[in-house]
Each structure stands twice: as C-alpha cells, then as structure tokens.
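**Q** Protein sequence lines correspond, in order, to chains A and B. Residue numbering for the first sequence follows my numbering, beginning at 11 and increasing consecutively. Residue numbering for the second sequence follows my numbering, beginning at 16 and increasing consecutively. Supplied in structure tokens, the structure appears directly below.
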Amino acid sequence: MEDLYREVILDHYKNPRGHGVIEGADAQAEGLNPLCGDEVAIYVAFGEDGETIDEVKFSGRGCAISQAATSMLMEMVEGRTATEIAELSKDELLEEIGIPLTPIRLKCALLGLGVLKVALHRAKGTPLPAEWSGLDDQFKVS
Amino acid sequence: MAVEARTKLDAQKLRADFPILQQEINGKPLAYLDSAVTAQKPRQMLEAMTQFYETSYGNVHRGVYALAERATEAFEGARDRIAKFVNAPSSRELIFTRNATESLNLVAYAYGLARLGPGDVVVVTELEHHSNFVPWQYVAKRTGASFRMVRLTDSGELDLDGLDELTRDGELKVVAANLVSNALGTVNPVEKLTAWAHEHGAVTVVDAAQAAPHRPIDVQALGCDFLAFSAHKLCGPSGVGALWGRRELLESMEPFNLGGHMIRKVQFEETTWGDLPHKFEAGTAPIAEAVGFGAAIDYLNAIGLDAIEQHEHDLVAYALERLADVPGIQLYGPAPEKRAGIVSFNMDGIHPHDVAQVLDWEGVAIRAGHHCCQPLMARLGVSATNRASFYLYTVQEDVDRLHDGLLRARKVFG
Numbered sequence: 011m012e013d014l015y016r017e018v019i020l021d022h023y024k025n026p027r028g029h030g031v032i033e034g035a036d037a038q039a040e041g042l043n044p045l046c047g048d049e050v051a052i053y054v055a056f057g058e059d060g061e062t063i064d065e066v067k068f069s070g071r072g073c074a075i076s077q078a079a080t081s082m083l084m085e086m087v088e089g090r091t092a093t094e095i096a097e098l099s100k101d102e103l104l105e106e107i108g109i110p111l112t113p114i115r116l117k118c119a120l121l122g123l124g125v126l127k128v129a130l131h132r133a134k135g136t137p138l139p140a141e142w143s144g145l146d147d148q149f150k151v152s
Numbered sequence: 016m017a018v019e020a021r022t023k024l025d026a027q028k029l030r031a032d033f034p035i036l037q038q039e040i041n042g043k044p045l046a047y048l049d050s051a052v053t054a055q056k057p058r059q060m061l062e063a064m065t066q067f068y069e070t071s072y073g074n075v076h077r078g079v080y081a082l083a084e085r086a087t088e089a090f091e092g093a094r095d096r097i098a099k100f101v102n103a104p105s106s107r108e109l110i111f112t113r114n115a116t117e118s119l120n121l122v123a124y125a126y127g128l129a130r131l132g133p134g135d136v137v138v139v140t141e142l143e144h145h146s147n148f149v150p151w152q153y154v155a156k157r158t159g160a161s162f163r164m165v166r167l168t169d170s171g172e173l174d175l176d177g178l179d180e181l182t183r184d185g186e187l188k189v190v191a192a193n194l195v196s197n198a199l200g201t202v203n204p205v206e207k208l209t210a211w212a213h214e215h216g217a218v219t220v221v222d223a224a225q226a227a228p229h230r231p232i233d234v235q236a237l238g239c240d241f242l243a244f245s246a247h248k249l250c251g252p253s254g255v256g257a258l259w260g261r262r263e264l265l266e267s268m269e270p271f272n273l274g275g276h277m278i279r280k281v282q283f284e285e286t287t288w289g290d291l292p293h294k295f296e297a298g299t300a301p302i303a304e305a306v307g308f309g310a311a312i313d314y315l316n317a318i319g320l321d322a323i324e325q326h327e328h329d330l331v332a333y334a335l336e337r338l339a340d341v342p343g344i345q346l347y348g349p350a351p352e353k354r355a356g357i358v359s360f361n362m363d364g365i366h367p368h369d370v371a372q373v374l375d376w377e378g379v380a381i382r383a384g385h386h387c388c389q390p391l392m393a394r395l396g397v398s399a400t401n402r403a404s405f406y407l408y409t410v411q412e413d414v415d416r417l418h419d420g421l422l423r424a425r426k427v428f429g
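Right, here's the structure in full:
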C-alpha cells in the first residue's frame, strides 16, 4: 500500500518541478476537482514556431497525487508540440506515475493533464477528446 | 452519596447492534469515524423496515384495504414519534421530505422566494453547510434581498457582537443557522439568534441535521420557526428527512411540490391545496424509509439522547487531548464543552486526502474535504480539513487508532 507514496511521488510533491506562474502566458487554464478541492493552474509559453512548448509552469494546491502528477507532467511535456500533447494519452502519464490508483485517486492524478489539454485547446484549437470535453465546460477560464 | 442521574452509555455493548461494524477493512477492524456524514444502522432499524415490507407495505392515504390501513398507521405513527422527538406541538407540523437539504429548500422556495424583496435582509452564518447557505444565497439573488453572514471568531464560534451591523440598511426577514456545525462541531447559540430574529420580526430556519442525532432537540425551547433534519444521520435510512415548521407559517405558505396527494380538489380551472402536512407531501412518500426513521428514533430514545450527548462529549475531550501530541497537527474549533462529537484538523505538509488514505490502510474511516462548507474553509484559510466524528457506537479505541494512524501518516510523509 505504501507504494502509493513511493519516493518519486513524495519527491515531486515536496519539490514540484516547474512550479510557478508565467506572466503573459500564450496558453493557460485552471481547474479544480470539486470532489476533493484539488486546484491546478497551468501556464504555457510557446517557442518561435508558436507550436513547441518552450516553457510550462503550474500552480495549485491539493493532495500529493494531484500535485506530484502535475509536476511529472511538466517534465514530460516541455519541448513537445501542442499537437503532440493533444494526442498524449492518459496512459502515458499513468505509466510515468507508476502506481496503481483507485477511481477516486485517478481523478487526482489526471487533473493536471486535463487542465493542460484544455489550455492548449483554447489557445491553439487542438482537439479535445470526448473524455476531456467535460473538463472544458467545468473549468472556469482564468 | 452521589447518584448518577442516568446510566452511562455502553458503546462497546451497543456495537453489537451494528452488523457493519463487525467487519475488517484492509485486514484491520473497522474504526468508523465518519458518522457526521452518515451514521451506521442498527439491526433493530433494519428489521423494522424489513418487517414493514414483508407484512404491512402498501401506499399510504390511498386504499381502504387492510394493507393500506396498516401502512398508513405505521407511516403516521412514525410521524407522531418524530414530531415528539423534537417536541413539536403537533404532528401536523412535521413534514416528510427526502432529506434535510430538501427541507431547507422547501423553506427557501415556499417561504423565502415568495416573501423576500429588495430592502430585505437574509442572514446566514459563516459556519453553514452549503444546504443552508446556497438556497438562501440563490433566493436572495432572485428576489433582490441582501445576503449577509454572521462571522466567526478565531475559536470557531459565531461572533454575535456584530449582529446589528448586519441589519443597518435593511429589514431582517430570515436568519438561517445550524444548531451544530458539521465541520467544526461548534454548538451554536440558536436561542440567542432566534431572539434577535424575532426582535426584528424575522423567522429563524435551523439546520439540525448535525444536532438531532446527538442531543435532545426541543423546537419550543429553541423558539425557532423552522427546523430541518434527516434520518440517515441518526441511524435511520437514507432518502427521508423532516421539516418542522410553525403551523401558522406552514399554513400561510404556498406548496413546494405539486401533484398527487397534496390537493383538496382539482378542477380544470383551479386546484386547492390539502391540509397540513399533506400540502407539502406531493407524490408517494418514502414510506418504508419513514417507518425506519421512526424505528431509529425509538432506538435512540431507548438509549437516551442525554446519554449519547454525554458519551460524545467525553470522546471529543479525550480525542482533543490525545491528538494534541501528534507532530504538526492543527486542531480547529472550540473547547470541548462548546462542541459536539466532531474533531476537525490538518497535518502540516500532508493534504487531508493523503491523511485519509493512510488511515484507510489502518481500517480507520474519516472524512477529508471541505465538508460542504467552502465559506468556512476560506475563513480558516485552507482548502480542506480532516474530520473525525463520533457516535453512540464510537469507543476510545477508535480514537487511539486514529492517533496511531496519524503517526503513520507522519512517518510516510516525513
């Protein structure tokens, strides 16, 4: 059971990568998990091609799983294009997280990825698959 | 020689009445510390519902055959006992609803929406559950009335000093407050709020969802105008709740739901409403649930509400003392003598969901979240808290296991 909080998760939770705000970000969105109150806001700055993620940051508060998963996501997406991220499957992130999650904790783990997809969808018109479209309605625009 | 006024409650013995508590969770005995969200069910209540379904079930106030008579008798008998449970002057003032939230919505819509307007003031408290907050915020917005909030002191009690500030530029019409806070356990001075409301000609709407299971309730002593509670928090089934209201107010109100059973006469041109309580009970009621509600009341009465209150008071005092030595714990809420059996807390550097997760490994069930009290969470400057809540079947050992589980969480998170 302790696997849930294995070292790498706690490390990302306590020392989140890419934690902060990008002023004048090219894309941004924020979301919350109303069930448990996890909050995540994500900011993206594109490179000169207007497509490659040059810098990505997040702010928020919540449980170890939601915050660590978003921190891991920051490392995964930098240098990739908006189109690639729009196609990024949740399984790829879950593999990175590498721990078995119950349905309730799955929502915590996937919050950051959903917010990022919504941010890119709003800024670049990248497709938002059906499983995330509910998030677009739910998340308020910041 | 001192004589104990009442026998102390024997929680260890009462636990045998609750089949659900006899199981293991994650290989550990279940320590159920989330009774504030819903209480577990004694065999006596479950058997009363089963027996009703097996011998007496029919729709109520409809047929003339034997089963319909029996069902009606059981249903109305439950109403009588529930009315007596809160010392209502008459059973006709006791309306069955789906839950306390629906009871409060009934008042907000049927009383508030019809009577409020610009220049009127609705007051809620910073301690309210969303169920006695959101309906009034909504109705105030719809009607143009002002929406105000009684603030909290730093110890988690209502700050009554600022009351008159709230009515400076309007006419006070409704005061909505809970008797016991579900998030902090604070026992609120509803009598004082009621006296203040009545001085201004306003009505008080009391959310007793968290109080009715745990202490004696007397609507006449409280002096309030409406009081809402639900069955599922007091060992009864989910799906049924109650609203008590003053007869003259209920009689003067329009119905909330419309349809079968609540009418006197229906014609194409016009429909007239039935008498209390039927005017507010459209459609088929939660019949067996109401019978279970009555059986739960019988169960609590046999133990004694005073004894339950004392038991939980002892537990909360024990818990506050026991948990104080957990490294990095922050305890919220007032002193034990001013609170019911609820302990809200946070652990420095560990989100409540993670605390609750580690406790679950130990078979300890607590609530982690905002407790449907986001205004209060904002006041405390947190997004969530952990909450352990007690009932008549809670034993000191449950609190000890909570304590040890918190130490394990501290170890996992460093």
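Glycine included, C-beta positions come from ideal geometry on N, C-alpha and C.
In this structure, how does DSSP classify residue 15 (chain A) when only helix, strand and coil are distinguished?
**A** The sequence position of residue 15 (chain A) within the first sequence is 5, counting from 1. Note: residue 15 (chain A) maps to helix in three-state DSSP.
**Q** Within the 8 Å Cβ cut-off, does residue 76 (chain B) reach chain A?
**A** In the second sequence, counting from the first residue as 1, residue 76 (chain B) sits at position 61. Taking Cβ atoms only, chain A never reaches closer than 8 Å to residue 76 (chain B), which makes this a no.
**Q** Any beta-carbon of chain C closer than 8 Å to the one on residue 83 (chain A)?
**A** Checking the listed chains, one finds no chain C in this structure; the protein chains it contains are A and B.
**Q** Within 8 Å of any Cβ in chain A, is that where the Cβ of residue 149 (chain B) sits?
**A** On the second sequence, position 134 is the one that residue 149 (chain B) refers to. No, residue 149 (chain B) lies away from the interface with chain A (no Cβ there is under 8 Å from its Cβ).
**Q** What runs of the alpha helix (DSSP H), each 4 residues or longer, lie entirely inside the stretch 45 to 99 of chain A?
**A** Qualifying alpha helix (DSSP H) stretches, in chain order: 74 to 87 and 92 to 97.
**Q** When you compare the CB of residue 74 (chain A) with every CB in chain B, is at least one pair closer than 8 Å?
**A** What you label residue 74 (chain A) is simply residue 64 of the first sequence in a count that begins at 1. With 8 Å as the cut-off, residue 74 (chain A) counts as an interface residue toward chain B.
**Q** Just the C-alpha distance for residue 133 (chain A) and residue 280 (chain B), rounded to the nearest angstrom, thanks.
**A** If you number the first sequence from 1, residue 133 (chain A) lands on position 123. If you number the second sequence from 1, residue 280 (chain B) lands on position 265. Taking the straight line joining both Cα atoms gives about 60 Å.
**Q** Which same chain residues end up closer than 6 Å to residue 429 (chain B) when comparing Cβ atoms and leaving out the 5 residues on each side of it in sequence?
**A** Indexing the second sequence from 1 puts residue 429 (chain B) at position 414. Here the set comprises nothing.
**Q** Taking just the CA atoms, how far does residue 121 (chain A) sit from residue 366 (chain B)?
**A** Sequence index remark: in the second sequence, residue 366 (chain B) carries index 351 (1-based). Sequence index remark: in the first sequence, residue 121 (chain A) carries index 111 (1-based). Distance between the alpha carbons of residue 366 (chain B) and residue 121 (chain A) is about 16 Å.
**Q** Considering Cα atoms alone, identify which of B:343, B:357, B:388 and B:352 is closest to residue 370 (chain B).
**A** Indexing the second sequence from 1 puts residue 370 (chain B) at position 355. Of B:343, B:357, B:388 and B:352, the residue nearest in Cα terms is B:343.
**Q** At what residue ranges does the stretch 52 to 86 of chain B contain a whole run of the alpha helix (DSSP H), taking only runs of 4 or more?
**A** For the stretch 52 to 86 of chain B, whole alpha helix (DSSP H) runs of length 4 or above, ordered along the chain, are 58 to 70.
**Q** Between the alpha carbons of residue 335 (chain B) and residue 126 (chain B), how many angstroms are there, rounded?
**A** Counting from 1 along the second sequence, the entry for residue 335 (chain B) is found at position 320. Counting from 1 along the second sequence, the entry for residue 126 (chain B) is found at position 111. When rounded, the distance between both Cα atoms is 41 Å.
**Q** Exposed or buried, what is residue 323 (chain B) when buried is set at 16 or more other beta-carbons lying within 10 Å of its beta-carbon?
**A** Stepping through the second sequence from its first residue, residue 323 (chain B) is reached at position 308. Buried, since its Cβ has 16 or more Cβ neighbours within 10 Å.
**Q** What three-state label does DSSP hand residue 44 (chain B) in the structure shown?
**A** Locating residue 44 (chain B) in the second sequence gives position 29, counting from the first residue. Here residue 44 (chain B) sits in strand by DSSP.
**Q** Quick check: the stretch 305 to 318 of chain B against the stretch 135 to 152 of chain B, are at least 3 beta-carbon pairs closer than 8 Å?
**A** Short answer: they don't touch.
**Q** How about the stretch 40 to 47 of chain B and the stretch 290 to 300 of chain B: do they share at least three Cβ pairs that are nearer than 8 Å?
**A** Counting Cβ pairs under 8 Å, fewer than three are found: no touch.
**Q** What residues from chain B crowd round residue 12 (chain A), counting only those whose CB sits closer than 7 Å?
**A** The residue given as residue 12 (chain A) occupies position 2 in the first sequence. Simply 427.
**Q** Where do the N-terminal and C-terminal ends of the alpha helix (DSSP H) with residue 124 (chain A) fall, by residue?
**A** On the first sequence, position 114 is the one that residue 124 (chain A) refers to. Per DSSP, residue 124 (chain A) belongs to the alpha helix (DSSP H) from 113 to 134.
**Q** Which residues in the same chain as residue 191 (chain B) place their Cβ atom closer than 6 Å to its Cβ, once the five residues preceding and following it in sequence are excluded?
**A** What you label residue 191 (chain B) is simply residue 176 of the second sequence in a count that begins at 1. Around residue 191 (chain B): 139, 147, 151 and 220.
**Q** Does the distance from the CB of residue 111 (chain B) to the CB of residue 89 (chain B) come in under 8 Å?
**A** Position 96 of the second sequence, counting from 1, holds the residue named residue 111 (chain B). Position 74 of the second sequence, counting from 1, holds the residue named residue 89 (chain B). Cβ distance not < 8 Å, so residue 111 (chain B) and residue 89 (chain B) don't count as in contact.
**Q** Going by DSSP, what residue range makes up the beta strand (DSSP E) through residue 257 (chain B)?
**A** Taking the second sequence and counting its residues from 1, the one referred to as residue 257 (chain B) is at position 242. Start and end: 256 to 260.
**Q** Identify each residue in the stretch 397 to 422 of chain B for which the Cβ-Cβ distance to at least one residue of chain A is less than 7 Å, and report them in chain order.
**A** Of all residues in the stretch 397 to 422 of chain B, 398 and 399 have a Cβ within less than 7 Å of some Cβ in chain A.
**Q** Thinking just about the alpha-carbon of each residue, which of B:121, B:56, B:33 and B:23 is nearest to the one in residue 265 (chain B)?
**A** The count along the second sequence starts at 1 and reaches residue 265 (chain B) at position 250. That would be B:121, whose Cα lies nearest to the Cα of residue 265 (chain B).
**Q** Would you mind telling me which residues of chain A sit closer than 9 Å to residue 49 (chain B), beta carbon to beta carbon, in chain order?
**A** Locating residue 49 (chain B) in the second sequence gives position 34, where the first residue counts as 1. Simply none; closest approach about 15 Å.
**Q** So residue 81 (chain A) packs on residue 139 (chain A), CB below 8 Å; how close in whole Å?
**A** Within the first sequence, residue 81 (chain A) is the residue found at index 71, counting from 1. Within the first sequence, residue 139 (chain A) is the residue found at index 129, counting from 1. Rounded, the Cβ-Cβ distance is 23 Å, inconsistent with contact.
**Q** Got a sec: is the Cβ-Cβ distance from residue 13 (chain B) to anything in chain A below 8 Å?
**A** This structure cannot speak to residue 13 (chain B), because chain B is shown only from 16 to 429.
**Q** Would you say residue 39 (chain A) and residue 75 (chain A) are within 8 Å of each other, going by their C-beta atoms?
**A** The sequence position of residue 39 (chain A) within the first sequence is 29, counting from 1. The sequence position of residue 75 (chain A) within the first sequence is 65, counting from 1. No, the pair does not count as a contact, with Cβ atoms beyond the cut-off.
**Q** Going along the chain, which unbroken runs of the alpha helix (DSSP H) with 4 or more residues stay wholly within the stretch 165 to 218 of chain B?
**A** List check, alpha helix (DSSP H) in window: 205 to 214.
**Q** Indicate whether at least one CB of chain B lies closer than 8 Å to the CB of residue 71 (chain A).
**A** Here residue 71 (chain A) corresponds to residue number 61 of the first sequence, with the count starting at 1. At least one chain B Cβ lies under 8 Å of residue 71 (chain A).
**Q** Spatial neighbours of residue 243 (chain B) within its chain, please: C-beta separation below 6 Å, excluding the five flanking residues on both sides.
**A** Locating residue 243 (chain B) in the second sequence gives position 228, where the first residue counts as 1. Contacts found: 115, 118, 119, 222 and 258.
**Q** With a threshold of 8 Å between beta carbons, is residue 363 (chain B) in contact with chain A?
**A** Position 348 of the second sequence holds residue 363 (chain B). No, residue 363 (chain B) does not count as interfacial toward chain A.
**Q** In this structure, how does DSSP classify residue 35 (chain B) when only helix, strand and coil are distinguished?
**A** The residue you call residue 35 (chain B) lines up with position 20 of the second sequence. Residue state, collapsed to three classes: helix.
**Q** Should residue 44 (chain A) be counted as a contact of the ligand MN given a C-beta to heavy atom distance under 7 Å?
**A** With respect to small molecules bound, the structure shown includes none, and the ligand MN cannot be examined in it.
**Q** How big is the Cα-Cα spacing for residue 410 (chain B) and residue 26 (chain B)?
**A** Taking the first residue of the second sequence as position 1, residue 410 (chain B) is located at position 395. Taking the first residue of the second sequence as position 1, residue 26 (chain B) is located at position 11. Each residue's alpha carbon lies about 6 Å from the other.
**Q** Compare the C-alpha of residue 143 (chain B) against each of B:156, B:28, B:159 and B:163 and name the closest.
**A** Against the second sequence, residue 143 (chain B) aligns to sequence position 128. Comparing Cα-Cα distances from residue 143 (chain B) to each of B:156, B:28, B:159 and B:163, the minimum goes to B:163.
**Q** For residue 401 (chain B), list the residues DSSP reports as bridge partners.
**A** Along the second sequence, one-based indexing puts residue 401 (chain B) at 386. Per DSSP, B:360 and B:383.
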